[in-house]
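Below is one structure; the comments refer to it alone.
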Amino acid sequence: MKPHVHSSGTESENNHNILFQSWHKNGECPEGTIPILRTPHSNRRRRSYPTVSQKKQANDFSAPPGHEYALVALVGGQYYGARATINVWNPATYQGEFSFAQIWVGSGEGDEANSMEVGWLVNNGENKTRLFTYWTRDDYRSTGCYNLVCPGFVQTTTQISLGAAVEPVSRYGAEQFEIIITITKDKSSGNWWLLMQDQLIGYWPGSIFTSLADCSTEINWGGEITNSEFAGHHTSTQMGSGHFPEESFGKACFFEKIGYVDESGNMRDPEDLQVYVTKPPCYDLRFAKYEGDGISFYFGGPGYSDKCP
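So the sequence shown is numbered by the working numbering: it starts at 7 and just counts up by one.
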């Protein structure tokens, strides 16, 4: 039975509505089955975003150690979903580190922090860009996992394999590729549904959450990297395209048409967004101005340099 959910309401202007993954070359899943990645790329729990209480400190963004961010945040209301079109790249990553472009939908503070996360990542020095989901209900301490590694997210589609590589990806100064992501709550069941390119992918049962069982009080959109400083200086792991936002379309990674779902199930443009950038000389964020294109921004950077020691 299909849920009552709100699609993104957008169509990709460059006709990249079909999300292609490498495994599609080998055929499709039989009816009644779903694709499952044979070897999960990672199940390492991670503290993935600063809590609401940390962000409320005036003019201060306190990131968890070893993590850096360039993101925008919508905080303080009641939200029933989120949306974004995310430009897909393949940033370079250092061994043992990650680079993410994602949406966080969260609620609660401290040990009660709940989060649903979805987007793309590159990890551990490999050259594959992968789709992922993640969830936790206790601030990444003992619950939650990526994709289907533990009970939690329930996949319903046969077309997408969570954790598998997505292709093609954008190239500098060349054709650009995107994924359209929507998270929205089905109030009749209490479940949070995930859509990609307006296809139903699956859902997070409302029962696995505590503070997110009702609604979200915070949504973040943007990039994250992990920084181990293995060589004694800032990592050269890239965020986004690996280029700064001022380089703009075709060169810098972007989020566009970001939105949230209100209590009535309507998709809205967010207002009073807060910008959080932990190290602007390493990674930065700038809003873009497109007529009739909703709220968009560029983000990212190269990491280690003479300005980012």
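No residue lacks a Cβ here, since even glycine has one placed at the ideal position from N, Cα and C.
Since the structure is predicted, the reported quantities are computational estimates derived from the model, not experimental observations.
List the whole-angstrom C-beta distance separating residue i from residue j, where the pair is believed to meet the contact cut-off of C-beta under 8 Å.
i	j	result
residue 166	residue 202	6 Å
residue 88	residue 109	5 Å
residue 187	residue 125	7 Å
residue 72	residue 234	7 Å
residue 147	residue 216	Actually they do not touch by this definition, with Cβ atoms about 13 Å apart.
Which residues in the same chain as residue i place their Cβ atom closer than 8 Å to its Cβ, once the five residues preceding and following it in sequence are excluded?
i	result
residue 279	78, 79, 80 and 301
residue 178	247, 249, 256 and 257
Report all residues from its chain with a CB closer than 6 Å to the CB of residue i; omit the five preceding and five following residues, and keep chain order.
i	result
residue 316	No answer is possible for residue 316: the residues shown for the chain start at 7 and end at 315.
residue 219	212
residue 214	158
residue 245	105, 229, 231, 289, 306 and 307
residue 145	117 and 119
residue 141	122, 150, 158 and 210
Residue i lies in the beta strand (DSSP E); which residues open and close that run?
i	result
residue 74	73–85
residue 262	259–267
residue 189	184–192
residue 281	280–283
residue 304	301–306
residue 229	222–232
residue 105	104–113
residue 292	290–294
residue 200	197–202
Using only the heavy atoms of the ligand ADP, determine whether one of them is closer than 7 Å to the beta carbon of residue i.
i	result
residue 160	Among the components of this structure there are no ligands whatsoever, and the ligand ADP is therefore not found.
For residue i, which beta-bridge partners are listed by DSSP?
i	result
residue 136	127 and 171
residue 214	Paired residue(s): none; residue 214 is not in a bridge.
residue 161	208
residue 152	140
Take residue i and list the residues in its own chain whose beta-carbon comes closer than 7 Å to its own, dropping the five residues that flank it on each side.
i	result
residue 252	292
residue 84	221, 223 and 269
residue 284	67, 69, 74 and 75
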